[in-house]
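Before any comments, here is the structure.
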Amino acid sequence: DRSGNKYASRAEYEAAVAEEKAKRQAKHVSEAELEWGGGMKQKRKKVELRKAMEAEAARPFARGRDDDDLNAVQKEALRWGDPMAHLVAKRNRMALEDAAPSLVDSGNKRQMKKSGFIIPQEIPSHSWIRRG
């Protein structure tokens, strides 16, 4: 054969080819077996969401003012453009990851001030007057 091996019979050659094929297939792992194939964080998030849905289904349907879980969720929610958000001392790290990233970093701020563009990008366009 091509590898330079000599075989005494056809059966011996076929056995060697089958063994080589099995080695090649064992080397390559299927995508289903790879944990990172579908995104580990997405899988964790899906499991957490499923657990949260099961916990929510176990709760009563009617929720009122005295529901501590609902109040905690509403207090922890980060809202875009909230002027008092910087005063909140207790923040959930996961909520910060899910919030929209800032468009302006310190390097961009310096360049904007140098060019005369001082309006922060975090402020919506309808909140300030455009001139020119």
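In terms of the working numbering, the sequence shown opens at residue -15 and continues consecutively. Note that beta-carbon positions come from the ideal geometry of N, C-alpha and C, so glycine has one too. Only a predicted model underlies this, so the values are computations on that prediction, with no experimental measurement involved.
Is residue j closer than 8 Å to residue i when the C-beta atoms are compared?
| i | j | result |
| --- | --- | --- |
| residue 56 | residue 62 | no |
| residue 0 | residue -9 | yes |
Can you look up residue i in the DSSP assignment and give me helix, strand or coil?
| i | result |
| --- | --- |
| residue -13 | coil |
| residue 43 | coil |
| residue 53 | helix |
| residue -7 | coil |
| residue 94 | helix |
| residue 71 | helix |
| residue 62 | coil |
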